[in-house]
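Chemist: Residue numbers (the working numbering), protein chains in the order written: chain X, 3 to 495; chain P, 2 to 470. Even for Gly, the Cβ is constructed at its ideal location relative to N, Cα and C. The structure under discussion is supplied below as structure tokens; questions concerning it will follow.
Structure follows, in structure tokens:
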């Protein structure tokens, strides 16, 4: 506790950036460029700080590190931050994706640039806060607060049906989350505190666990999203601007997966064990049904959105196996999906910026005009379907391995999802990239610009690095994952 | 004969109202009179803070932490109204020196209300504030809507006063006392007459706080009355009526709570749900705020229904936050002016963020706060209300509350949608008047930055309920 309050700095730095940006006038191209650079450098600085966090992080320690605790509202509800092996990677994912998003919006956002960038930086604060907070009220504050900037990002800079989508997004997530709020209040009253590190050792009675688990589940299942409450996601993705989709798929969905690991199985192991078959069933239905839906999509973004639901199905499968492999697999799957689906949305954004349509049938034969784009897109399509050697494989493999050890039938059904993923991904790729270039307006398409290459380069590197050599990532996760599994098994026996 | 100086703030407000009334006859400078009224309210704040806590005049009048906090909230509401009056009096055709004086009298009535510990003192205070409000609602004589609002409020208000008096007579008849504490000692808990009395008094008070099913007047009066007076309706009388409601129920019938708890329970649920649905269809922003205030009163009543120290604490937290949010929203409504004409339709806000980016973002955040979205202040109000509800095992009330809050999020979001997602209209004058800025920015920032350190408000409300628990 003697060092720098590094987590608070991570949370507050974007706010400082917002403050500076409100001082910059936005009346011509020059000043709007200044705004973009300010936001980019602020978020990049935040990324560097989070890299420092990673290096200072003690991998052998399974507990919380960099803890900060201050009196906040009253006894029992404090400002308590900390990271462990589970949350630190999500923080890195967030701080990495935000500068990429800002860079990706350099040309695609034409109006109200200042408000857009402010909304993004505010969103970054909320997202980092979610992964650092070790107090349930603080967690809820960040979890729900993120809705405000996202509501505005989709609603102002979105596509044609943006109003419908953003209302659906906001009200779905809000309706799910308020039950979690009641659960948090109930925990506060019975346990006397909302401090996570205290509650992890607290034993709720079986009936309490069941009700509270369901309340948390209501929130997380909408957010992650699980079938049948996933319908807001394709709408939100389709209408959101590219960077909005990237953040939505890359980070916002992961908040719920993180919540499942940290709270649902951490606080309520008995209820989690009781409801695990329900989760498995819903996840497998999600994997198969949404993969089939993805097959018939005409809209690129919708296809990727449905594939996200299927991928998150693997995440929930892995979490509720209560094995170290399962939890490691889900976290790696989330990180990998955060990188890959973000990159896929960026790929969609690249062609959308040039042709202003997301209809798959409007494209075809792009490989002859955009070879570099075709290569980039291929890597992420392959990573998305879980080809060995890409990050998508590691997560899915670990999850399938863990689910095999629990129940073979579930595993068999889940594996069909991998086949379906290959089908829709490769078919999307074939329709867009291969074939003859017959459409006139495609002949003027330009390949990736330097800015776009800079955007994709770190994503490609990470995808392949994690795919070939996942050990550094697993090393970070393992002690904390083991601790959670031991804790759960200890409580169950 | 007890010392008259015990009620020095009340006497001070009374005297300054009378002096200003006479001054007004000779001085044609309405702004000066208004400023003097503001000054006297500010002095009264200082006087209230320095007042010793005691119960006086045969225990019919109580000065305690609770009443002082309520008085300060009422003063804030009155001062805000007077500041709004300065900037809008000419364009709204209410440029009359009676305005500040009526506000002062109404404030005096509310001060008596929140300190009253006796049925008669309560009634006198209530009538004093109501009579001033009837006139205020109809102050713009040339406007049909304003006159209609005044008449409507007067007729329904008179009816509710009648109900209240009827209830008072029952309570007096069946307990033999008018003093709250003596009623608590002397009632016969099996008598049905007393219950009838409670029901009628509650009906009268529910009218004043505009809880469903006694809310009918609210949207019409809110819409018809000139905006500063609408703001006053939203800010001060409701808070005062809530104060007397709590003291009446807790001091005289604290033991009988099983009987009246169900009533509060019902009107709380009805207010939250009705407001959530009815507000969706509104096109006038003042009407919408009327329904919004009905809903908020529903939430605040959860705090009363809990009958616990947590409940009262959450009620006070809620009212304080409600006050600040409304100051900001009504100031913003007052800034919707173009060519000396005020706009009240929600569709007039269309695309406001293009022309007034800073005002728009603050108003949008106020809407999120009213909807109870964290990290804004409104969330903490609801949070404590739900803490109290769950602590008293009123799970049903809490669940209805959160469902209503999700539904009501829709109409608050609609305002944000119109401001941000729709095509911009012509520019408004905006917040170019210094006196409005002084109200708008501090109150907005208070709401937005409340989450940084909410502890003082929570401690303050814990301190203020000491005389009950």
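1) Establish whether the CB of residue 443 of chain P and some CB of chain X are separated by less than 8 Å.
2) Which same chain residues, not among the five before or five after residue 1 of chain X, have their C-beta less than 8 Å away from its C-beta?
3) Within 8 Å (strictly less), CB to CB, does residue 147 of chain X reach chain P?
4) Does chain X have any CB closer than 8 Å to the CB of residue 388 of chain P?
5) Do you know offhand how far residue 3 of chain X's Cα is from residue 236 of chain X's?
6) With 8 Å set as the bound, which would you pick, yes or no: does the beta-carbon of residue 403 of chain P sit closer than that to a beta-carbon of chain X?
7) Under the three-state reduction of DSSP, which class applies to residue 442 of chain X: helix, strand or coil?
8) State the beta-bridge partners of residue 56 of chain P as determined by DSSP.
9) With 8 Å as the threshold, decide whether the Cβ of residue 117 of chain X is near any Cβ in chain P.
10) Please state the DSSP three-state secondary structure of residue 288 of chain X.
11) Look up residue 71 of chain X in the DSSP assignment and say whether it is helix, strand or coil.
12) Quick one: is residue 164 of chain X near chain P, going by C-beta distance under 8 Å?
13) How would you list, in chain order, the residues of chain X whose beta-carbon sits under 7 Å from the beta-carbon of residue 407 of chain P?
14) Using a beta-carbon distance below 8 Å, is residue 59 of chain X in contact with chain P?
15) Counting only Cβ pairs nearer than 9 Å, list the residues of chain X close to residue 10 of chain P.
16) So if DSSP puts residue 338 of chain P in a beta bridge, which residue, or which two residues, is it bridged to?
17) Could you name the residues of the segment 73-91 of chain X whose beta carbon sits closer than 9 Å to any beta carbon of chain P, in the order they occur along the chain?
18) Can you find at least 3 beta carbon pairs, one from the segment 170-182 of chain P and one from the segment 242-253 of chain P, that sit closer than 8 Å?
19) Kindly indicate if chain X contains any beta-carbon less than 8 Å away from that of residue 50 of chain P.
20) Taking Cβ positions only, does residue 246 of chain X come closer than 8 Å to chain P?
21) What does DSSP give as the partner residues of residue 212 of chain P in its beta bridges?
22) Label residue 456 of chain X either buried or exposed according to how many other C-beta atoms from any shown protein chain fall within 10 Å of its C-beta, with 16 as the threshold for buried.
23) Use the C-beta contact count for residue 53 of chain X: other C-beta atoms within 10 angstroms, 16 or more gives buried, fewer gives exposed.
24) Specify the secondary structure class of residue 344 of chain X as computed by DSSP and reduced to three states.
25) In angstroms, rounded to a whole number, what distance separates the CA positions of residue 365 of chain P and residue 124 of chain P?
26) Look up residue 3 of chain X in the DSSP assignment and say whether it is helix, strand or coil.
27) Measuring CB to CB, does residue 84 of chain X end up less than 8 Å from residue 67 of chain X?
28) Taking only the alpha-carbon atoms, compute the straight-line gap between residue 97 of chain X and residue 45 of chain X and give it to the nearest angstrom.
29) Just checking: is the beta-carbon of residue 392 of chain P within a distance shorter than 8 Å of some beta-carbon in chain X?
30) Please confirm if residue 269 of chain X has its CB atom under 8 Å from at least one CB of chain P.
31) With a cut-off of 8 Å, does the C-beta of residue 183 of chain X fall near any C-beta of chain P?
32) Buried or exposed, going by whether 16 or more other CB atoms sit within 10 Å of the CB of residue 474 of chain X?
33) Can you give the beta carbon distance from residue 371 of chain X to residue 444 of chain X, rounded, assuming they're within the 8 Å contact cut?
34) Report the residue ranges of all beta strand (DSSP E) runs contained in full by the segment 388-468 of chain X; include only those spanning at least 3 residues, in chain order.
35) Which bits of chain P does residue 154 of chain X rub up against, with CB to CB less than 7 Å?
36) Assign residue 163 of chain X to buried or exposed, taking buried as 16 or more other Cβ atoms, counted over all protein chains shown, within 10 Å of its Cβ.
Modeler: With the structure as the only source:
1) no
2) For chain X, the structure presents residues 3 to 495; residue 1 of chain X sits outside this window and is missing.
3) yes
4) yes
5) Unreliable positioning characterises residue 3 of chain X in this predicted model, as indicated by a pLDDT of 46, which lies under 50. The coordinate reading is nonetheless provided below. Distance between the alpha carbons of residue 3 of chain X and residue 236 of chain X: 44 Å.
6) yes
7) helix
8) P:63
9) yes
10) helix
11) strand
12) yes
13) 173, 176, 177, 180
14) no
15) Within chain X, no residue comes near residue 10 of chain P; the closest Cβ sits about 31 Å away, beyond 9 Å.
16) P:343
17) 73, 74, 75, 76
18) yes
19) no
20) no
21) DSSP lists no partner for residue 212 of chain P.
22) exposed
23) exposed
24) helix
25) 40 Å
26) Unreliable positioning characterises residue 3 of chain X in this predicted model, as indicated by a pLDDT of 46, which lies under 50. The coordinate reading is nonetheless provided below. Note: residue 3 of chain X maps to coil in three-state DSSP.
27) yes
28) 7 Å
29) yes
30) no
31) yes
32) exposed
33) 7 Å
34) none
35) 421
36) exposed
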